[in-house]
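J.: Number 268 in full-length UniProt numbering belongs to position 268 of the sequence shown; there are no gaps in the numbering. Quick one: the structure is below, questions incoming.
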Amino acid sequence: MNLVIVESPAKAKTISRFLGKGYEVMASYGHIRDLPKNNFGVDIEHSFKPKYTILKDKKPIVEKIKTLSEQSNKVYIATDEDREGEAIGYHIVEAGKIPKDKVERIVFHEITKEAILNALKNPRNIDLLMVYSQESRRILDRIVGYKLSPLLAKKIRRGLSAGRVQSVALKLAVEREEEIKNFVKKEYWTLHLVFSDKNNQVESILISIDNVELDKFYINNAALAKDIKTQIEKEQFIVESITKKTVVRKPKPPYITSTLQQEASTILGFPPKKTMKIAQKLYEGVSLQKERMGLITYMRTDSLNVASQAQEEALDIIKKFYGHSYAPKQQNIYKTKSKTAQEAHEAIRPTKPSLLPDMAKEHLSDDEYKLYSLIWKKFMASQAASAKINTISIIFSSNRFKSKANFNELVFDGYLKIWDLSDNDFQKAPNFKQNDSVKLKDVVEKQHFTEPPPRYTEASLIKTLESYGIGRPSTYATIIDTILEREYVVLNDKKFYPTEIGVIVSKSLDNFFKDIINVDFTAKLEEDLDNVAKNKVDKTKLLENFYEKFRLMLDKAYQEMDSIKPKDEPTNKVCELCGSPMVIRQGRFGRFLACSNYPKCKNTKSLNEETVDIICDKCGSKMVVKHSKKGSKFLACSNYPNCKNTIPYPTGLKCPLCGGDLVEKSSKRGKFYGCSNYPTCKFTIKGNIINKKCPKCGYGLFKVLKDTLKCANPNCDYKEVIEKEELEKL
């Protein structure tokens, strides 16, 4: 018998279908050994030697590994092909005391029969350099986490923690918030000239006056805009020139981990953690009628390589379903930009391009189908022909003024035929001719203000981390999930807002650890960790250099960091539970009233408790506004603790499905609205919303986008562009 060990039971189930009776496939259920939970676990004095312990719930699995490996001729370690997978495999061998002459390491990018059988024919040894690289990362994270957390607890508040990479992500969010806070908006105006002839009408933008090209802020107030408009209305205009140019737009490459997480967030609304969880299922295997197979290649990758066989199959599918003109004359090849990419990997693609999403739909959950469709479309589009677009610029001129209108005409859709998720706005240019006289129909003044840089979304934060070289494919989702879990940031309307405690922690760390908690140092450390795997950097030397620098900063912080633990502020209020004085304290979401007899009495109240004209249906007292730990509002009886009745905070909006009240709710991913009739009605919606009836479908709710109102009915595409001033009134 031969033993094959993988991480997950789903992966084991899929692989066992491909192997004969001579193989036993079992799962380790992830890591079986790690640094201990309750102590530091790293011997700094002896070359940073880690003290691994078998995880408590994995002891039965280790015993099973020992028993089965003794009965086996060969033990194949088939964990994932990355540093984490290599380390899991190493610990399986060490903890299971498997003789080295029995061990074979096999790797594969996809879980298909061909890939598994080919891997068995090409085994290798466990790559200890990859193991050392993963081990170094784990030790660095342990050093920072274990040493900084007590400092934060002593100087700021108990229960706080810090991390080597997560603290950099938090720093980015805090710095962006400061940029927004300090931003001074600047006013500017644009003039839009509307021209027409017998058959055409076009809107253009004023670009020059008296042959002087206008910069963005030339028209900076309403009076000047009106004055220029008056002058324009006296002029006669002709078509001065028409410039036409054909542009070839190439398809974008297939997904890597970071781009999959970004587009799954923006297109599907999936948080990175959810995206990776679903992708893991698609990779490990799905039952499709008579067979079980992985639907996508390995989803933790930063390489854009694609197997030639997959490219050939994709081209055949493109020719069959879209026509020969949609296949490029030469295969599209994409070069990986990241210097640290593991080129042995592939980009994320369907293992079988001929398995169209609709063919797999009945075997997948709704979310699995959405993600598989996204991956399939992206890969197929990346292999298709380029699109061709005519860019047309029309210049209208008078004696003093010139304006310009631009158009994009689609000549050949190419890959856009497959990638129908693009938001391209193609428009046919009007049929004007050079020197044609045109009638000025209207001049529209539009006021604008410069806007601060946008807050980070999950997608843009991942993109920023990747651009700095911070984090790796396996860590992006964890980084974001950690700063959310620790409530250093909250997600509202898909944007990151640092909490008060997040700002305090970030600035405190920045004052004393600026040289190591910054993008440049963290990116360099990531590169060094990659070089450990390439045998270019010595593991022990890397850890020694880091620790020596870190230890000096830590000592200084303990000596010089001011204690910023907020002190209790006395009040003249009395706790209704125990009669002790109430005091003002500082929490994650700001100041609040708390009983001074804590922890014996845990009574808390909102500092500015707001009473509303809603009567408690239990005791007849008035209700007051409270805030949950996540920051959302709810109503509680003012007769607490005699009456502990609570109800969701009413918004005045109605559920479009059943007519119930929409109430504000929250989760760790931010604020959302749900129907008060839950669970009978499960309607939910994220973002800002208003009551407004859709003229197209009659739906009673609109989502507020940047400059657009969009019907909240997912099956309706009605949109309504709205001026910013009107939007603010809503």
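Note that the Cβ used here is the ideal one computed from N, Cα and C, for glycine as well. This one's a predicted model, so the numbers in the text were calculated from it and none came from an experiment.
Inspect the beta-carbon positions of residue 149 and residue 140 and report whether they are closer than 8 Å.
T.: For residue 149 and residue 140, no; Cβs fall outside 8 Å.
J.: Heavy atom of the ligand PLP less than 7 Å from the Cβ of residue 451, yes or no?
T.: Inclusion of the ligand PLP in the displayed structure is not the case, the ligand content being empty and no account of it being possible.
J.: Could you tell me the alpha carbon to alpha carbon distance between residue 616 and residue 664, rounded to whole angstroms?
T.: Rounded to the nearest angstrom, the two C-alpha atoms are 18 Å apart.
J.: Helix, strand or coil for residue 586, going by three-state DSSP, please let me know.
T.: Residue state, collapsed to three classes: strand.
J.: Please work out which residues of its chain come closer than 6 Å, Cβ to Cβ, to residue 367, disregarding the five sequence neighbours upstream and downstream, and give them in chain order.
T.: Contacts found: 278.
J.: Nearest to residue 37 by CA position, among 158, 51, 27, is which residue?
T.: Measuring from the Cα of residue 37, the nearest candidate turns out to be 51.
J.: Going by DSSP, name the residue or residues bridged to residue 591.
T.: According to DSSP, which records beta bridges pairwise, residue 591 is partnered with 586.
J.: I think residue 393 touches residue 236, with their Cβ atoms under 8 Å apart; what is that distance to the nearest whole Å?
T.: Incorrect: roughly 21 Å between the Cβ atoms, too far for contact.
J.: Contact check, residue 272 vs residue 523 under 8 Å by CB: the rounded distance?
T.: Between residue 523 and residue 272 the Cβ distance is about 20 Å, and since that is not below 8 Å, they are no contact.
J.: According to DSSP, is residue 213 helix, strand or coil?
T.: Reduced to three states, the DSSP call for residue 213 is strand.
J.: Three-state secondary structure (DSSP) at residue 343?
T.: Note that residue 343 has pLDDT 49, beneath the 50 cutoff, so the model's placement of it is unreliable and the number below is only indicative. Here residue 343 sits in coil by DSSP.
J.: How many angstroms separate the CA atom of residue 453 from the CA atom of residue 467?
T.: Going from the Cα of residue 453 to the Cα of residue 467 covers about 17 Å.
J.: Output yes if chain C places a C-beta closer than 8 Å to the C-beta of residue 492; else output no.
T.: You won't find chain C in this structure, because it holds only one protein chain.
J.: How big is the Cα-Cα spacing for residue 326 and residue 293?
T.: Near 29 Å, if we compare the C-alpha coordinates of residue 293 and residue 326.
J.: Taking its Cβ as the centre, do 16 or more other Cβ atoms sit within 10 Å of residue 658, making it buried, or is it exposed?
T.: It counts as exposed.
J.: Is residue 251 closer than 8 Å to residue 314 when the C-beta atoms are compared?
T.: Against a cut-off of 8 Å, the Cβ pair of residue 251 and residue 314 comes out as no contact.
J.: Excluding the 5 residues flanking residue 109 on each side, which residues of the same chain have their C-beta closer than 6 Å to its C-beta?
T.: Correct list, in chain order: 297, 298, 346.
J.: Could you round the C-beta distance between residue 206 and residue 214 to whole angstroms and report it? I think they count as a contact, below 8 Å.
T.: With 8 Å as the limit, residue 206 and residue 214 qualify as a contact, their Cβ atoms being about 7 Å apart.
J.: Is residue 572 buried or exposed, if buried means 16 or more other CB atoms sit within 10 Å of its CB?
T.: Per the 10 Å Cβ criterion, exposed.
J.: Could you spell out the range, first to last residue, of the alpha helix (DSSP H) harbouring residue 332?
T.: No alpha helix (DSSP H) contains residue 332, which DSSP labels as neither H nor E.
J.: On the CB-based measure, 16 or more other CB atoms within 10 Å of its CB, does residue 343 come out buried or exposed?
T.: Residue placement at residue 343 cannot be trusted, given a pLDDT of 49 that sits under 50; the coordinates are not used to answer.
J.: Which stretch, first to last residue, makes up the alpha helix (DSSP H) that contains residue 545?
T.: Looking at the DSSP string, the run of the alpha helix (DSSP H) that includes residue 545 is 539 to 560.
J.: Which one of 713, 703, 716, 715 has the shortest CA to CA distance from residue 722?
T.: Comparing Cα-Cα distances from residue 722 to each of 713, 703, 716, 715, the minimum goes to 703.
J.: Cβ atoms of residue 328 and residue 385: under 8 Å apart, would you say?
T.: Yes, the pair counts as a contact, with Cβ atoms nearer than the cut-off.
J.: Assuming residue 733 and residue 3 form a contact by the criterion Cβ under 8 Å, report the distance between their Cβ atoms to the nearest whole angstrom.
T.: No statement about residue 733 is possible, as the shown extent of the chain runs from 1 to 730 and does not include it.
J.: Residue 643 to residue 451, Cα distance in whole Å?
T.: Answer to the nearest angstrom: the Cα atoms are 47 Å apart.
J.: Output the distance between the C-alpha atoms of residue 485 and residue 211, rounded to the nearest integer angstrom.
T.: In a straight line, the C-alpha of residue 485 is about 58 Å away from that of residue 211.
J.: How about residue 405 and residue 83: are their beta carbons less than 8 Å apart?
T.: No, the Cβ-Cβ distance between residue 405 and residue 83 is not below 8 Å.
J.: Can you tell which of 498, 380, 263, 479 has the C-alpha that lies nearest to the C-alpha of residue 179?
T.: For the residues 498, 380, 263, 479, the minimum Cα distance to residue 179 belongs to 498.
J.: Could I get the ranges of all uninterrupted beta strand (DSSP E) runs contained in the stretch 230 to 310, with 3 residues as the minimum, in chain order?
T.: Counting whole runs of 3 or more residues, the stretch 230 to 310 contains the beta strand (DSSP E) stretches 237 to 249, 286 to 288, 291 to 293.
J.: Using only the alpha-carbon positions, how far apart do residue 543 and residue 40 sit?
T.: Distance between the alpha carbons of residue 543 and residue 40 is about 15 Å.
J.: Would you mind reading off the limits of the alpha helix (DSSP H) that contains residue 17?
T.: Start and end: 9 to 18.
J.: Would you list the one or two residues that DSSP bridges to residue 691?
T.: In DSSP, residue 691 forms a bridge with 701.
J.: Can you name the residues that DSSP bridges to residue 203?
T.: According to DSSP, residue 203 bridges with 194.
J.: Start and end of the beta strand (DSSP E) containing residue 356?
T.: Taken as a continuous stretch (DSSP letters only), residue 356 belongs to no beta strand (DSSP E), as it is neither H nor E.
J.: Can you name the start and end residues of the beta strand (DSSP E) that residue 105 belongs to?
T.: Taken as a continuous stretch (DSSP letters only), the beta strand (DSSP E) holding residue 105 covers 103 to 105.
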